[in-house]
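What follows is one structure encoded as structure tokens, with my remarks underneath.
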Amino acid sequence: MSGSRFNPIALLRAFLRPLDPILMLVLGLLLGAAWVLMQSASPERLDSQGAHFAIALGAMWLMAWVSPARLLRFALPLYALGVLLLIGVELFGEVSKGAQRWLDIGVTRIQPSEIMKIAMPLMLAWYFQQREGQTRFVDFVVATLLLLLPVGLIVIQPDLGTSLLVAAAGLYVIYFAGLSWKLIVPLVALLVIGLGSIVTLGDTLCQPDVDWQVLREYQKQRVCTLLDPTRDPLGRGFHIIQSTIAIGSGGMSGKGWMEGTQTHLSFLPERHTDFIFAVLAEEFGLVGAVVLLATYLLLLVRGFFIAAFAPTHASRLLAGSITMIFFTYAFVNMGMVSGILPVVGVPLPFISYGGTALVTLCLGVGMLMSIQRSRLRARSS
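To convert a position in the sequence shown, counted from 1, into the numbering used here, add 107.
Here you go:
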């Protein structure tokens with residue numbers, strides 16, 4: 108009978124077994140910062156954000172138990188489902204705020220583009236796993252086509268922010284799979300030339316009668332607003348102007364928690380979601396921003412460590428891509444809030460209010476934990 112006694116210590120160890128302590132430390136710091144900032148930016152949303160935390164952490168814990176090999180078995184079906192749902196959005200999707208991004212499945216509405224943030228790197232990691240050691244140029248072409256299909260369907264919704272994140276997730280896998288620098292350098296050169304041309308000819312290109320062809324009018328205006336926010340200070344440029352004022356006014360140590368004037372006098376728009384970094388910079392200053400950057404850096408270092416020592420080719424590609432996705436979220440959000448990138452609606456990872464992005468990001472953390480756990484098991488066997 109003594110052997111059947113309830114042992115809480117053993118139960119706790121079993122519960123914590125799939126969790127990586129360093130990743131949990133980083134995640135705890137980020138979610139703690141999110142909770143503190145939310146109390147200042149939007150205290151009425153604390154209860155719902157707490158529910159988001161619980162759901163996201165639960166999803167992460169479940170994902171950490173799934174082995175990478177088993178996870179890869181779902182790559183093709185998940186990718187196919189995501190593409191079919193994106194096609195469904197194009198044919199039957201609901202329109203809200205001028206965008207057709209949601210699909211009503213009866214019990215609830217879903218945004219299928221979010222599925223592709225996980226399905227895309229998973230699919231390409233599985234694809235290159237099948238060709239390990241014999242990758243040819245045609246394989247990179249096929250991988251690019253697999254990437255362009257969902258990205259194109261997301262672009263036409265339109266949802267530029269999500270399309271960039273999905274595209275980045277896929278491109279990271281393609282790069283880590285061994286894409287030649289001979290192909291990368293010309294693309295980077297074209298990008299630099301294009302950006303330089305926009306900056307140089309901004310006044311001409313931003314005239315009302317100039318059609319950019321490849322971008323919708325509102326997307327053109329976002330770029331033009333970035334080049335000169337004072338062009339429309341009370342309209343399109345309002346977000347960037349108020350955000351940069353908040354960041355600059357924080358100084359070295361900030362105005363103090365819940366003392367931010369831009370935040371509490373409602374000058375700062377979307378302060379609980381896309382622009383929450385401006386809240387942090389105003390109230391905690393440069394010191395707070397550097398601490399947050401250091402926390403993200405620790406997340407990236409741990410992610411790349413897991414990727415470098417992952418036991419299989421696919422898990423290395425997947426871990427590297429997931430880690431770079433965290434970097435992309437943070438870089439794009441901080442860039443747009445600081446006025447060096449256009450506003451594209453990308454949340455600050457693990458900090459901004461919202462459930463969908465938080466669950467997606469925590470699933471990525473769970474995948475990293477799963478890969479690390481598989482490495483430790485392989486080493487001990």
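All C-beta atoms, glycine included, are put in the ideal place defined by N, C-alpha and C.
Just so it is clear, the structure is predicted and the values come from calculations on it, not from any experiment.
Measure the C-alpha to C-alpha separation of G395 and G357 and round it to an integer number of angstroms.
Roughly 10 Å between the two C-alpha positions.
State the Cα-Cα distance for the pair P115 and G165, rounded to the nearest angstrom. Going from the Cα of P115 to the Cα of G165 covers about 20 Å.
task: Would you mind reading off the limits of the beta strand (DSSP E) that contains Q207?
output: Taken as a continuous stretch (DSSP letters only), the beta strand (DSSP E) holding Q207 covers 206-211.
Mind checking whether L179 and L192 have CB atoms under 8 Å apart? Not a contact, by the Cβ cut-off of 8 Å.
Q. First and last residue of the alpha helix (DSSP H) that includes F199?
A. Residues 182-199.
Next item on the list: Would you mind working out which of F160, S147, W168 sits nearest A121, comparing C-alpha positions?
Entry: Nearest to A121 by alpha-carbon distance, out of F160, S147, W168, is W168.
- At a cut of 8 Å, does the region 373-385 reach the region 426-443 through at least three beta carbon pairs? Three or more Cβ pairs drawn from the region 373-385 and the region 426-443 lie within less than 8 Å of each other, which places the two stretches in contact.
### Message
Below 8 Å on the Cβ atoms is my contact criterion, and I expect G452 with G268 to pass it. Report the Cβ-Cβ distance as a whole number of Å.
### Response
Indeed, because the Cβ distance is near 4 Å, the residues count as touching under 8 Å.
Worksheet item: Helix, strand or coil for T463 per DSSP?
Response: If DSSP states are grouped into helix, strand and coil, T463 belongs with the helices.
Worksheet item: With A163 and V466 assumed to form a contact (beta carbons below 8 Å), what rounded beta-carbon distance in angstroms separates them?
Response: The pair is a contact, with the Cβ atoms about 5 Å apart (cut-off 8 Å).
| query | If you run the structure through DSSP and keep just helix, strand and coil, what is L126? | reply | If DSSP states are grouped into helix, strand and coil, L126 belongs with coil.
Handout entry: Whether P184 touches M223 by CB criterion (8 Å)
Key = The answer is no: Cβ separation not under 8 Å.
Query raised in the report: First and last residue of the alpha helix (DSSP H) that includes F235?
Result: Counting along the chain, the alpha helix (DSSP H) containing F235 begins and ends at 220-237.
### C-beta atoms of A232 and V280 nearer than 8 Å
At the C-beta level, A232 and V280 come within 8 Å of one another.
Reference G427; option with closest CA among M474, L372, I217
Looking at the Cα atoms, M474 is the closest of the given residues.
Check V202 in the structure and name its three-state DSSP category.
-> It is a strand residue.
Pull up the CB-CB distance for F433 and P456, whole angstroms please, since I reckon it's below 8 Å. Their Cβ separation, rounded to whole angstroms, is 6 Å, which keeps F433 and P456 in contact under 8 Å.
Return helix, strand or coil for I413, following the three-state DSSP convention. Three-state DSSP puts I413 in a helix.
- Give the DSSP bridge partners of I87, in chain order. The first residue shown for the chain is 108 and the last is 488, placing residue 87 beyond what the model contains.
- prompt: Does the Cβ-Cβ distance between F345 and P376 come in under 8 Å?
  reply: In contact: F345 and P376 (Cβ atoms closer than 8 Å).
Worksheet item: Could you check where the alpha helix (DSSP H) with P315 kicks off and where it finishes?
Response: For P315, no alpha helix (DSSP H) encloses it, and the DSSP letter there is neither H nor E.
(request) With DSSP collapsed to three states, give me the class of M108. (result) In this predicted model, M108 has a pLDDT of only 44, less than 50, meaning its place in the structure is not dependable; the value taken from the coordinates is given anyway. Coil, per DSSP.
Notebook entry, point to check: Between A141 and the rest of its own chain, which residues show a CB-CB distance below 7 Å, the 5 nearest in sequence each way excluded?
Noted result: Once the five neighbours on either side are set aside, the close Cβ partners of A141 are F457, I458.
Exercise. S360: which of L271, L468, I478, E390 sits nearest, CA to CA?
Worked result: Checking every option, the nearest Cα to that of S360 belongs to E390.
Requested in this report: Would you decide whether F247 is buried or exposed? Buried here means 16 or more other CB atoms lie within 10 Å of its CB.
Outcome: Around the beta carbon of F247, 16 or more other beta carbons lie within 10 angstroms, which makes this residue buried.
Enclosing alpha helix (DSSP H) for D381 [first to last residue]: D381: not part of any alpha helix (DSSP H); DSSP gives it neither H nor E.
Self-check item: Stretch pair the region 145-159 + the region 193-203: three plus CB contacts closer than 8 Å
Solution: Contact fails between the region 145-159 and the region 193-203, because fewer than three Cβ pairs, one in each stretch, are under 8 Å apart.
For I429, count the other beta carbons within 10 Å of its own beta carbon; 16 or more makes it buried, fewer makes it exposed. Which is it? With 16 or more Cβ atoms within 10 Å of its Cβ, I429 is classed as buried.
Am I right that V273 and M227 are in contact with their C-beta atoms under 8 Å? What's the rounded C-beta distance? Yes, V273 and M227 are in contact; Cβ-Cβ is about 5 Å, under 8 Å.
- Query: Alpha carbon to alpha carbon, how far is G471 from A415?
  - Reply: So the alpha carbons of these two residues sit roughly 16 Å apart.
message = Assuming P175 and I478 are in contact, meaning their beta carbons sit under 8 Å apart, how far apart are those beta carbons, in whole angstroms?
response = In this structure P175 touches I478 by the C-beta definition: roughly 5 Å separates them, less than 8 Å.
Buried or exposed: L406, going by 16 or more other Cβ atoms within 10 Å of its Cβ? Counting Cβ neighbours within 10 Å, L406 comes out buried, since at least 16 surround it.
Exercise for review: Drop a sphere of 10 angstroms on the beta-carbon of R484, count the other beta-carbons inside from all chains shown, and report buried for 16 or more, exposed for fewer.
Suggested key: R484 comes out exposed.
Handout entry: First and last residue of the uninterrupted alpha helix (DSSP H) at I246
Key = Residue 246 is actually Asp in this sequence, not Ile. Per DSSP, the continuous alpha helix (DSSP H) segment holding D246 begins and ends at 244-262.
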